[in-house]
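Counting along the sequence shown from 1, when you hit position 198 you're at 618 in this note's numbering, and nothing is skipped either side.
Here a beta-carbon is modelled for each residue, glycine too, at the ideal position from N, C-alpha and C.
Since the structure is predicted, the reported quantities are computational estimates derived from the model, not experimental observations.
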Amino acid sequence: MKVLMIGAGNMGFTFAEGLVASSIIKKGNLLIYDKSPELREKLSDDDRFRIFEELEPALLMTHIIFIAVKPHHAEDLFAEMKPHLHKDQIVVSLMAGVTLDFIENATGLPKVVRAMPNLPAKVGKGVTAFTETKDVSKIEQITIRSLLDSTGVAIHVENETFINKSTAISGSGPAYVFYFMQSMFEAARKMGFSVNDSKVLISNTFEGAVQLFKDSSLSPEGWIDRVASKGGTTEAAIDSMKDNNVSAKIKEAAYAAFERAVELGQETK
Ligand SMILES: NC(=O)c1ccc[n+]([C@@H]2O[C@H](COP(=O)([O-])OP(=O)(O)OC[C@H]3O[C@@H](n4cnc5c(N)ncnc54)[C@H](OP(=O)(O)O)[C@@H]3O)[C@@H](O)[C@H]2O)c1
421 MKVLMIGAGN MGFTFAEGLV ASSIIKKGNL LIYDKSPELR EKLSDDDRFR
471 IFEELEPALL MTHIIFIAVK PHHAEDLFAE MKPHLHKDQI VVSLMAGVTL
521 DFIENATGLP KVVRAMPNLP AKVGKGVTAF TETKDVSKIE QITIRSLLDS
571 TGVAIHVENE TFINKSTAIS GSGPAYVFYF MQSMFEAARK MGFSVNDSKV
621 LISNTFEGAV QLFKDSSLSP EGWIDRVASK GGTTEAAIDS MKDNNVSAKI
671 KEAAYAAFER AVELGQETK
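This is the structure:
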């Protein structure tokens with residue numbers, strides 16, 4: 421099975437690396453086409469990939485085509501691709517906000533998958549929600565899942581509304597975590613910890629909490645109860661957050677991201 425990655429910037433390159441590191445793609449079967457001559461030149465020495473100078477020959481020999489260009493480049497790219505496509509090919513779009521309908525119409529291909537990855541894909545800890553048009557068979561769906569799993573874990577969702585929802589939870593989610601980390605970092609620095617000690621204190625706290633959550637059936641609320649004893653320090657912090665409505669504000673923020681994802685989808689219709 422040959423896979424073509426169109427666009428090898430941040431996300432495209434991350435997936436290209438994940439795919440070649442997995443056992444699914446054999447050496448020489450990961451093709452890359454990027455418009456940028458500088459990027460092609462940079463990648464040309466990397467023997468994990470086959471770099472193409474032209475789009476057409478790469479399209480003609482692939483079955484699965486990943487799209488990882490910015491959404492505003494989609495229309496021109498699809499127009500360039502269309503004359504060289506055949507109905508059996510599957511397009512897997514990693515682009516935010518570009519709908520299945522749009523891709524189907526612009527490429528003329530009935531088999532389209534829309535996936536929403538997130539940044540931790542860079543370290544093999546990503547989560548990618550995906551859904552597809554009805555022409556994608558169950559077997560093809562399983563193949564796509566295994567390809568998307570190569571950068572972490574893939575989650576199949578019922579329809580595109582859930583792609584917009586996952587954009588709001590996991591797609592933008594790392595930034596919410598960094599926002600919280602930044603506040604903790606500033607508090608640690610204000611208390612007098614060095615930059616390095618602050619980094620260790622915060623990153624290990626997050627990592628440890630995530631591991632506890634993953635390894636048990638307790639909810640985050642259940643874990644808060646375990647940490648916070650009556651009249652103790654944690655209770656003081658949690659009470660302060662409750663008084664300031666922090667939970668409601670975080671939910672509001674996630675919904676703001678969801679609404680924006682819906683709007684972006686409507687703009688490309
Ligand atoms: N980065 C993330 O965390 C993230 C998360 C979720 C989803 N995504 C999605 O992933 C997609 C890519 O984002 P990115 O951050 O990886 O962008 P990026 O770093 O700008 O990479 C896009 C690459 O595609 C190239 N390109 C543009 N038009 C092309 C064309 N017609 N044919 C071939 N290559 C072309 C660009 O070249 P030039 O620079 O010369 O234009 C660039 O090298 C976006 O649609 C985004 O919504 C990204």
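- When DSSP states are grouped into helix, strand and coil, Phe598 belongs to the helix group.
- Between the alpha carbons of Lys650 and Ile589 lies a gap of roughly 32 Å.
- With contact defined as three or more Cβ pairs closer than 8 Å, the region 453-460 and the region 526-541 are not in contact.
- Around the beta-carbon of Phe522, 16 or more other beta-carbon atoms lie within 10 Å, marking it buried.
- Residue ranges of uninterrupted beta strand (DSSP E) with 3 or more members, entirely inside the region 440-509 and ordered along the chain, are 450-453, 470-472, 484-487.
- Contact between the region 580-587 and the region 667-678 is present: three or more C-beta pairs spanning the two stretches fall below 8 Å.
- Taking 3 residues as the minimum length, the beta strand (DSSP E) runs contained wholly in the region 564-639 are 572-576, in order along the chain.
- By the neighbour-count definition (other C-beta atoms within 10 Å, threshold 16), Leu479 is a buried residue.
- By the Cβ test, the region 594-606 is in contact with the region 620-634, since at least three Cβ pairs between them sit closer than 8 Å.
- Residue pairing for Ile426: DSSP places it in a beta bridge opposite Tyr453, Ile487.
- Checking the 7 Å criterion, the Cβ of Tyr596 is out of range of every heavy atom belonging to ligand 1.
- The alpha carbon of Pro477 has as its nearest neighbour, out of Phe486, Tyr596, His492, Tyr453, the alpha carbon of Tyr453.
- In the structure shown, Thr653 falls within a helical segment according to DSSP collapsed to helix, strand and coil.
- Taken through DSSP and simplified to helix, strand or coil, Val682 comes out as helix.
- Beta-bridge pairing by DSSP links Gly432 to no other residue.
- Apart from the 5 residues on each side of it in sequence, Ala436 sits with its Cβ closer than 7 Å to the Cβ of Met425, Ala428, Leu450, Ile452, Phe469 in its chain, given in chain order.
- Within the chosen limit of 7 Å, ligand 1 does not reach the beta carbon of Met425 with any heavy atom.
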